[in-house]
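*Asks:* Sharing a structure here in structure tokens format.
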Amino acid sequence: MPLGHGTTDTLVWHRSKKGKFSVRAAYNLGFDVSRIDSGGPSRMDPNRDLEFIWKAKVVARVKLFGWKACSNAIPTIHNLLKRKVSISTKCPQCYEEFEDVKNCLMLCDAAWITCALSDLEWCKINVWSNNCENWMRDVQNGLDTDKFQWFLKICWALWNRRCKKLAEGESEDSLQLTDRTRRYFAAFKEANGKQAKSSGVSKNARWNSPSTGKF
């Protein structure tokens, strides 16, 4: 096949649809490389490998937290230090260990003493491999559907408690956290059920034209 000779060769940045270099595209490339080097999942298709989170029957904020945790995108002490934020290296809950995602959601004693009070078996939670995504997958494989959804809610509640303690100095024991989480999601489910009923439209409803003189 004959080739055209009317144009000169140009450099193309393969990370951009238009072939042009941008700081954003370079940042995304660097982010992908760092995630691969650290054993984490790539961001090339953030939804591809995390469908088990998005398909869980939990509220959107819990799904979003699960996705962020699996993507190592929650502001743990470790992640804040990488961004040059001046902060204590100690876990804000147990004050002993260095806080990363693993410590925050599994290893911290102040976190998973909650496990015994939340009807979750520790032997099925203590299965951390090399990153949070694989951990949550392994937990999912060891629990039935309802228990895994409860596990995600507890993880969200643990992070929520940790942030309140760090920002506001509030303290909440594990029994209070478990009870509050149950009541919160029960109330949320009830409220959404009532809203769905009140806003429902009868399948037999038909549109009728307005009376003369009315719009």
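Mapping the sequence shown onto UniProt numbering, position 39 (from 1) lands on 39, and the numbers just tick up by one. Glycine included, each C-beta is placed from N, C-alpha and C at the ideal position.
Which of helix, strand or coil does DSSP assign to residue 90?
*Replies:* Residue 90 falls in the strand class under three-state DSSP.
*Asks:* Which class does residue 98 belong to by DSSP, given the choice of helix, strand or coil?
*Replies:* DSSP places residue 98 in strand when its eight states are reduced to three.
*Asks:* Determine the extent of the alpha helix (DSSP H) in which residue 136 is found, giving its start and end residues.
*Replies:* 132 to 142 is the extent of the alpha helix (DSSP H) around residue 136.
*Asks:* By a C-beta neighbour count over all protein chains shown, 10 Å radius and 16 as the cutoff for buried, is residue 181 buried or exposed?
*Replies:* The residue in question, residue 181, is buried, as its Cβ has 16 or more Cβ neighbours within 10 Å.
*Asks:* What's the call for residue 54, buried or exposed, on a 16-neighbour Cβ count within 10 Å?
*Replies:* It counts as exposed.
*Asks:* Near residue 68, what residues of its chain come up, given a Cβ to Cβ distance below 7 Å and the 5 sequence neighbours on each side ignored?
*Replies:* Cβ within range, chain order: 74.
*Asks:* Are the CB atoms of residue 135 and residue 254 within a distance shorter than 8 Å?
*Replies:* Outside the displayed span of the chain (1 to 215) sits residue 254, for which this structure offers no information.
*Asks:* Please state if the CB of residue 105 and the CB of residue 158 are separated by a distance shorter than 8 Å.
*Replies:* Contact: yes.
*Asks:* For residue 119, which residues in the same chain have their Cβ closer than 8 Å to its Cβ, ignoring the five residues on either side in sequence?
*Replies:* Closer than 8 Å at Cβ, skipping near neighbours: 147, 150.
*Asks:* Could you give the distance in angstroms between the alpha-carbon of residue 40 and the alpha-carbon of residue 63?
*Replies:* Confidence is the limiting factor: at residue 40 the pLDDT is only 49, short of 50, which leaves the residue's position unreliable, though a coordinate-based value still follows. Each residue's Cα considered, the two are about 19 Å apart.
*Asks:* So the alpha helix (DSSP H) residue 66 belongs to, where does it begin and stop?
*Replies:* Its alpha helix (DSSP H) spans residues 60 to 70.
*Asks:* Which residue comes first and which comes last in the alpha helix (DSSP H) that contains residue 53?
*Replies:* Note, residue 53: alpha helix (DSSP H), 51 to 54.
*Asks:* Using the rule of at least 16 other Cβ atoms within 10 Å of the residue's Cβ for burial, across every protein chain shown, is residue 161 buried or exposed?
*Replies:* So residue 161 counts as buried.
*Asks:* What is the rounded straight-line gap between the Cα of residue 52 and the Cα of residue 137?
*Replies:* C-alpha separation (whole angstroms): 8 Å.
*Asks:* Once the 5 residues before and after residue 80 are set aside, which same chain residues still bring their CB inside 6 Å of it?
*Replies:* Excluding sequence neighbours, residue 80 sits near 87.
*Asks:* Taking only the alpha-carbon atoms, compute the straight-line gap between residue 59 and residue 153 and give it to the nearest angstrom.
*Replies:* Approximately 9 Å, taken between the alpha carbons.
*Asks:* What is the residue span of the alpha helix (DSSP H) that residue 248 lies within?
*Replies:* With the chain covering 1 to 215 only, the question about residue 248 has no answer from this structure.
*Asks:* Find the nearest neighbour of residue 93 within the set 166, 187, 184, 190, judged by alpha-carbon distance.
*Replies:* Considering only alpha carbons, the answer is 166.
*Asks:* What first and last residue would you give for the alpha helix (DSSP H) that runs through residue 122?
*Replies:* It spans 122 to 125 - the alpha helix (DSSP H) in which residue 122 sits, taken as one unbroken run.
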